[in-house]
Amino acid sequence: MKRSRFPLVVTVLVFVFFYLPIVILVVNSFNAARFSSSWQGFTLGWYSKLFQSPEIWQSVRNTLIIALSSTAVSLVLGTAAAFALHRYAGSRLQRLHYTLIYTPLVVPEILMGISLLMAFVAAGTGLGLFTIFLAHVTFCVSYVAMVVLARLQDFDFSLIEAAQDLGASWWQSTRKVLLPLLVPGLAAGGLLAFTLSVDDFVITFFVAGPGSTTLPLRIYSMIKYGNPPMINALSTLLLAVTFTAVIASQKLARLKR
Amino acid sequence: MGSNLRNARFGSPSPFSSKKLALRRFDPIFRRRLQEWLTSLPTLFWLTLFIVIPTLLVFAVAFRPANPYGGIGPGWTLETIRSLWNPGYLVIAWRTVWISLLTTALCILFAIPTGYFIARAPERWRNRLLMLVIVPFWTSFLVRVFAWKSLLHPEGLIKKVLEAVGLAGPQTTLLYHPAAVVLVMVYTFLPFTILPIYAASEKFDFRLLEAARDLGARPFQAFRKIFLPGIRRGLLTAVLVVFIPALGSYIIPDLVGGPASEMLGNKIAQRVFVDRNLPHAAALSAVLILAVLAPLVAVLGLQRKKEKPDIIIGEAP
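Chains as they are written, first to last, in my numbering: chain W, 618 to 874; chain Y, 16 to 332.
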């Protein structure tokens, strides 16, 4: 049977659509022209301007503080939740638990942002790094729980029972059997939480206060009021960092196998 | 032993309470319940505190008056809810719905051939093609929106190309138009549509298409009557993962749309950051929550009638 060429053509167009804006952005970060339409020579000037801007480094620092702390907390909470969801699947408590964990995944970000803002205002909590941290843990927990839960589906719990039959205590069987087998799931969940936290704009925008500007907030104000080529340079750097991180983590995963 | 255990759990108050406790520790059912609560309680507590209560607060604050300092005043009022019923908001609500619907339709339209193509590609190519779908989304969301903003800019590449071909005059503006919003929204959501459609197509038995053709179906007929129903679950998931976040869009209309393409999300943000009127923002958010719930409940109902109620990721326990 002759297959239609149509799906191939659409797929190619879709990939061009996906990559064209990114490629042009990277090229323009080296373009001396202020606007993207014409090439006026190679320059690294936008990068050096970027490195001279102290606000950027301050916001990078804030972003990392929040991302690391919220990843750590959401890993602990999310893993416990995934464990409960898997081990006690089907109970009424777990059905409620699953619905609660599932909600942040489907609720539009702006709703989460505004409801958290209301809660912080009602509780009289001052807005700042701490409120951003609380908000980030709230959405990261669900993603961690889902990723770890997916790994647990393949986990054979009779291994734990075997260890306990052979005399291991609860703690020993957890630390020596369960945890090592869960490491890939934890790494994947942690990486996802970290990325989501670093990239989040909408929720952060609602619960940020003075002095707690994160990198996405900084980029947003640069887009609204700033200098386009500098954003190109910053974006290219971010791209380079993410790509290196992802390739490194994949190499690591391959090494382990 | 069994009756001892039962006594320990349900039995009359015993004078030997320490003995009772010791027995309880060995009761496997009790221990299981305890472990279940211990492992569930942290997230139950956290999500109640930061999801359930704040959402209820949104509905409550919608009925409170604003105070002039950007906070919430004392007492209760229906004024805010009443003020939502004005033509300005109706226009915005309608625009939010049609932009979201159009985005969903376009995403599905492009995702079906792409998902189909990837699913039919040779096995070693599939993962590479999937990677190509995912990679652009390692980049920051704001950066992607910005890339489009500079492409659509009056000095940007697309405008220059269109002018050179004669499709646009010097007066044409590409930015700040609802079409620009739809374009960037399709760009943002398309991968999330391709993935579930690919996942469903991969499980589809393509021999069914050949059988349909052998039995005399034209190619499009076979596609519409056999393939599309076969990937129905993937399609439903794809619709949900685009339509719901699209309803809550805020950054895209804010950065590439003008006043003529404002959506509900922009109004909520304006009430919070420009007017500092939290009750008004809460009332608008309550409307958005209800708008988001409607398609979710509809799709869940549709799925429950026929299959297991899983949506988007994995199976419910």
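Backbone N, C-alpha and C define an ideal beta-carbon position, used for all residues, glycine too.
Note that the C-beta distance between residue 697(W) and residue 718(W) is not below 9 Å. DSSP places residue 687(W) in the uninterrupted alpha helix (DSSP H) bounded by 671-704.
For residue 659(W), the pairing in a beta bridge is given by DSSP as 648(W).
A residue is called buried when at least 16 other Cβ atoms come within 10 angstroms of its Cβ; residue 282(Y) meets this threshold and is buried.
Beyond the five residues adjoining it in sequence on each side, residue 816(W) comes within less than 7 Å, by CB distance, of 833 in the same chain, given in chain order. Between residue 262(Y) and residue 95(Y), the C-beta spacing is not below 9 Å. Interface flag for residue 242(Y) against chain W is unset, since no Cβ pair is found closer than 9 Å. The beta carbons of residue 866(W) and residue 803(W) sit no closer together than 9 Å. Non-local beta-carbon contacts of residue 300(Y) in its own chain, meaning distances under 6 Å to residues more than five positions away in sequence, involve 73 and 283 in chain order. Secondary-structure assignment with DSSP links residue 87(Y) through a beta bridge to 81(Y).
For residue 277(Y), the closest Cβ of chain W is not nearer than 9 Å. Taking 9 Å as the cut-off, the beta carbon of residue 241(Y) is found closer than this to the beta carbon of residue 232(Y).
DSSP places residue 797(W) in the uninterrupted alpha helix (DSSP H) bounded by 796-816. For the 9 Å CB-CB criterion, residue 287(Y) and residue 731(W) form a contact.
Between residue 204(Y) and residue 260(Y), the gap from beta carbon to beta carbon is short of 9 Å. In the DSSP assignment, residue 172(Y) falls within the alpha helix (DSSP H) that extends over 172-180.
In the three-state DSSP reduction, residue 291(Y) falls in the coil class, being neither helix nor strand. Close to residue 159(Y), with beta-carbon spacing below 8 Å, are these residues of chain W in chain order: 638 and 639. At least 9 Å separates the beta-carbon of residue 846(W) from that of residue 163(Y). Against chain W, the CB of residue 51(Y) has a partner CB under 9 Å away; the residue lies at that interface.
Interface residue (Cβ-Cβ distance to chain Y less than 9 Å): residue 750(W) is not classified as such.
By the rule that beta-carbons nearer than 9 Å mark a contact, residue 153(Y) touches chain W. The CB of residue 627(W) comes closer than 8 Å to the CB of 125, 128, 129 and 132 in chain Y, given here in chain order. Taking a C-beta cut-off of 9 Å against chain Y, the contacting residues of the stretch 708-726 of chain W are 708, 710, 711, 712, 713, 714, 715, 716, 717, 718, 719, 720, 721, 722, 723, 724, 725 and 726, listed in chain order.
Three or more pairs of CB atoms, one per stretch, sit closer than 8 Å, so the stretch 58-71 of chain Y contacts the stretch 746-758 of chain W. Cα atoms of residue 646(W) and residue 657(W): separation of roughly 12 Å, rounded to the nearest angstrom.
For the pair residue 192(Y) and residue 273(Y), the CB atoms are nearer than the 9 Å cut-off. The count of Cβ pairs closer than 8 Å, one atom from the stretch 758-768 of chain W and one from the stretch 49-64 of chain Y, reaches three, so the stretches are in contact. The beta carbon of residue 643(W) sits closer than 6 Å to those of 853, all from its chain and outside the five residues before and after it, given in chain order. Between the beta-carbon of residue 97(Y) and that of residue 294(Y) there is about 12 Å, and that puts the pair past the 8 Å contact cut. Only 68, 69, 70, 72, 73, 76, 86 and 87 from the stretch 68-91 of chain Y bring a Cβ to less than 8 Å from some Cβ of chain W. Look at residue 277(Y) here: in three-state DSSP terms it is coil, with no helix or strand label. Take the alpha-carbon of residue 851(W) and the one of residue 660(W): they are about 14 Å apart. Rounded to whole angstroms, residue 725(W) and residue 841(W) show a C-alpha spacing of 23 Å. Contact of residue 816(W) with chain Y is assigned, a C-beta pair being separated by under 9 Å. Non-local C-beta neighbours of residue 188(Y) in its own chain, meaning closer than 6 Å and more than five positions away in sequence, are absent.
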